[in-house]
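Below is one structure, written out as structure tokens; comments come after it.
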Amino acid sequence: MYVPPPFAVASELQIWDFVQANPFATLVYQRCGQLESAAIPLRFCERGGERYLQGHLARNNPICAIDAKPLPLLALFNGGDHYVSPGWYPHKAQDARVVPTWNYAQVQIRGELYFYEDADWKLAHLRDFVSYFEQSVGGDWQIDDAPAPFIDQLLQAIVGVEIRVGTALGKFKLSQNQSEPARREVARRLSERGNALAVLMASMGTPATE
1 MYVPPPFAVA SELQIWDFVQ ANPFATLVYQ RCGQLESAAI PLRFCERGGE
51 RYLQGHLARN NPICAIDAKP LPLLALFNGG DHYVSPGWYP HKAQDARVVP
101 TWNYAQVQIR GELYFYEDAD WKLAHLRDFV SYFEQSVGGD WQIDDAPAPF
151 IDQLLQAIVG VEIRVGTALG KFKLSQNQSE PARREVARRL SERGNALAVL
201 MASMGTPATE
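Read in order, the letters of the sequence shown are residues 1 to 210 in our numbering.
Below, the structure is given as structure tokens:
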């Protein structure tokens, strides 16, 4: 991923906070000499100082049929994107050398994907996975609320997966190369549209409103 210095995310903590706030990932991998992708929500985990991303896939997903395991891949996490009009820059009246751009936030994880078939592993994973995301929406549903035979069928239909993280790279393109007044105005315009990028800009020290 090309990351000019103004847009680089230097803080690992900020990268992992971003991953937890935007858990739906695109997995990019190679199969039969071709690039393929899969979309999957992933839960961030830490064990013994090591970082992992856990999830599950439908057994019929082609990625599960790959013989080469563990599978090297990229996991891409996106935090929104938006067109930025040069008309939003306060200095445009004094300097016409402005052009449109596109703001976005993305984290790229390189790692190896491991597959888990063990029913106990998958059940424990689903309990933790559901509990974590239920809490994020204020819910209290649990896997054990569903009938056991139904859960047994579900376990047979999925494959557990775990990405063991190698490297993590973040790029937050949020008008950092513009003046403070311009960044404030971009944040305000994005905020009017309910865009997550405005919240991210505010968290980096640029208020969404004056």
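C-beta: ideal position from N, C-alpha, C; glycine also.
- Would you tell me roughly how many angstroms separate the C-alpha atoms of D81 and A25, rounded to the nearest one? 15 Å
- Task: Using 10 angstroms around the beta-carbon of L13, count the other beta-carbons present and answer buried if the total reaches 16, otherwise exposed.
- Result: exposed
- Using the Cα positions of L73 and L174, report the straight-line distance between them to the nearest angstrom. 27 Å
- Item | Nearest to A187 (by Cα), restricted to the options Y89, A75, I66, A21 | Y89
- Item | Cα-Cα separation between A182 and G166, rounded to whole angstroms | 37 Å
- Three-state secondary structure assigned by DSSP to P100: coil
- Exposed unless 16 or more other CB atoms sit within 10 angstroms - verdict on L190: buried
- Straight-line Cα distance separating N78 from S179: 25 Å
- Roughly how many whole angstroms lie between the Cα atoms of P70 and V3? 28 Å
- Item | Where the beta strand (DSSP E) through E162 begins and ends | 158 to 173
- Message: Quick check on the burial criterion: 16 or more other C-beta atoms within 10 angstroms. Buried or exposed for E210?
- Response: In this prediction, E210 scores a pLDDT of 46, lower than 50, which makes its location untrustworthy; no coordinate-derived value is stated.
- Assign I9 to one of three DSSP states: helix, strand, or coil. First, the amino acid is wrong: residue 9 is Val here, not Ile. The answer is coil: DSSP assigns V9 none of H, G, I, E or B.
- Message: Give me, in chain order, the residues of the same chain whose beta-carbon lies closer than 6 Å to that of P62; leave out the 5 immediate sequence neighbours on both sides.
- Response: none
- How would you label Y29, buried or exposed, when you count the other beta carbons within 10 angstroms and need 16 or more for buried? buried
- Item | Rounded distance between the beta-carbons of A38 and L57, thought under 8 Å | 7 Å
- Item | Beta-bridge partners of P70, as assigned by DSSP | Note: P70 sits in no beta bridge, so no partner.
- Message: Which of the three DSSP states is assigned to A146 in this structure?
- Response: coil
- Message: Among D128, W16, T206, L155, whose alpha-carbon lies nearest the alpha-carbon of N60?
- Response: L155
- Give me the Cα-Cα distance between E162 and P5, rounded to the nearest whole angstrom. 31 Å
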